[in-house]
Amino acid sequence: MALASHGQTPDLPSPERRESLRSEAHTTQSWAKDISQIFSKRNITQSPNYFTKWNLTTIDRMGDHVDGLKFAGGAFSLFHEKPLRELVDLAHEQGVYISTGGWAEHLLTHPDPNTVFDRYLKKCKDLGLDVIELSSGFLSFPEDDWLRLIDKVHSYKLEPKPELGIQFGAGGDTPASGLEAIGTSDPGKLVNLGRRFLDAGVKRLMIESEGITENVNSWRTDVVSKIMKELPPERVMFEAADPKVFNWYVREFGIDVNLFVDHSQIVQLECLRTGIWGTADTWGKIVSFRP
Numbered sequence: 001m002a003l004a005s006h007g008q009t010p011d012l013p014s015p016e017r018r019e020s021l022r023s024e025a026h027t028t029q030s031w032a033k034d035i036s037q038i039f040s041k042r043n044i045t046q047s048p049n050y051f052t053k054w055n056l057t058t059i060d061r062m063g064d065h066v067d068g069l070k071f072a073g074g075a076f077s078l079f080h081e082k083p084l085r086e087l088v089d090l091a092h093e094q095g096v097y098i099s100t101g102g103w104a105e106h107l108l109t110h111p112d113p114n115t116v117f118d119r120y121l122k123k124c125k126d127l128g129l130d131v132i133e134l135s136s137g138f139l140s141f142p143e144d145d146w147l148r149l150i151d152k153v154h155s156y157k158l159e160p161k162p163e164l165g166i167q168f169g170a171g172g173d174t175p176a177s178g179l180e181a182i183g184t185s186d187p188g189k190l191v192n193l194g195r196r197f198l199d200a201g202v203k204r205l206m207i208e209s210e211g212i213t214e215n216v217n218s219w220r221t222d223v224v225s226k227i228m229k230e231l232p233p234e235r236v237m238f239e240a241a242d243p244k245v246f247n248w249y250v251r252e253f254g255i256d257v258n259l260f261v262d263h264s265q266i267v268q269l270e271c272l273r274t275g276i277w278g279t280a281d282t283w284g285k286i287v288s289f290r291p
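All residue numbers for the sequence shown refer to full-length UniProt numbering, where the first residue is 1 and numbers rise by one.
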């Protein structure tokens, strides 16, 4: 992907050993498509060490089809440092970037957020993490302050990844009735903010699914269409942690759509992209033409 105007890309291994169809967000020189990011759930009942082994296995076996691994929320803070570093190292060996979850929201509620956020970024850099998610699903946050956070992340030579949505209170798996009572914001606000972030050197925007395809009585496909029309599709990634959701995205927008799925669904998603699996509405119908 083209280098942003702020800072440099993380020092990840060369992607030459990976399949040509698979694009990695931080090592190619053109805007990457068909990005697949997986995430580690926060509600794990096994020990963090057990879950680390699960992710190690997933990346080791399916690394050619995974572009990034994201820790949900602050789940990485529960890990012992040694197994966490092992996971980061293996991910980098496979050309997979590591992203934090929405931990920044928690830190911004601290009495001294400037000091705490600097400590956070220093530790993330030390651990070898590559991408810092910036989310405000539970906070009312001025747009200019988001841009200041982006500049702060860039100053540590880390990659900021803002998470945008139309639903306040998103990210906590709130029932549809609860979210409906809160109400949603205008999709135009999301698009305008996304443009400001891209102008500030952000490489990819994450789109929160709650209020759009998750915990809603009916999907807001109009919001997705507006995003795909008014923002560069290759620089947007949609959360799609449900097979019927990512099935719809691939069917509607083709194999190049960037998706963020559960770590257990990467095989299903990539089989759908390549046309070797599908439901009644996609089996034998997902094709491409690339002379």
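Quick reminder that beta carbons are idealized off the backbone N, C-alpha and C, glycines included.
Computed from a predicted structure; not experimentally measured.
Residue i - partner residues in DSSP beta bridges
i, result
"N258", "M237"
"M206", "E163 and M237"
"T184", "Q167"
"L134", "P162"
"S99", "K70 and V131"
"E214", "E210"
Where residue i sits in the DSSP three-state scheme
i, result
"F76", "helix"
"K161", "strand"
"F289", "coil"
"L108", "helix"
"I35", "coil"
"V116", "helix"
"T279", "coil"
"F71", "strand"
"G284", "coil"
"L232", "Here the sequence assigns Pro to residue 232, which means Leu is not the residue at that position. The answer is coil: DSSP assigns P232 none of H, G, I, E or B."
"R220", "coil"
"G178", "helix"
"D64", "helix"
"F141", "coil"
"Y249", "helix"
"A200", "coil"
"Q265", "helix"
"D126", "helix"
"D89", "helix"
"L272", "helix"
"D242", "coil"
"L149", "helix"
Residue i vs residue j beta-carbon contact at 9 Å
i, j, result
"P134", "W146", "The residue you asked about is not Pro; residue 134 is Leu in the sequence shown. Contact: yes."
"D262", "A241", "yes"
"I266", "H92", "no"
"M237", "I286", "no"
"D34", "N258", "yes"
"F246", "L205", "no"
"E105", "G165", "no"
"F76", "G101", "yes"
"T282", "R235", "no"
"L139", "L108", "yes"
"S36", "E270", "yes"
"Y97", "D67", "yes"
"W248", "T274", "no"
"G169", "G137", "yes"
Residue nearest to residue i in terms of C-alpha spacing, selected from the options
i, options, result
"N215", "Q167, E252, W277 and F260", "Q167"
"W103", "P160, S155 and E81", "P160"
"D151", "Y97, G201 and D67", "G201"
"P162", "E239, F289 and W248", "E239"
"K82", "A181, K189, L127 and T58", "L127"
"V153", "V131, T174 and G137", "V131"
"R290", "T279, S264, G254 and Q268", "G254"
"D186", "A280, S288, S177 and K226", "K226"
"S264", "G284, P243 and W277", "P243"
"V224", "V191, A181 and K203", "V191"
"E188", "Y156, A181 and D222", "Residue identity check: residue 188 is Gly in the sequence provided, not Glu. Selected option, being the one with the closest Cα: D222."
**Asked** Is the region 225 to 232 touching the region 184 to 199 in the sense that three or more CB pairs, one from each, lie closer than 8 Å?
**Response** The region 184 to 199 vs the region 225 to 232: in contact.
**Contact between the region 112 to 124 and the region 63 to 74 (3+ Cβ pairs under 8 Å)** = Contact between the region 112 to 124 and the region 63 to 74 is absent, because fewer than three Cβ pairs lie under 8 Å.
**Request:** Answer yes if the region 77 to 91 comes into contact with the region 107 to 118, meaning at least three C-beta pairs across the two stretches below 8 Å, and no otherwise.
**Result:** Under the Cβ criterion (8 Å, minimum of three pairs), the region 107 to 118 does not count as touching the region 77 to 91.
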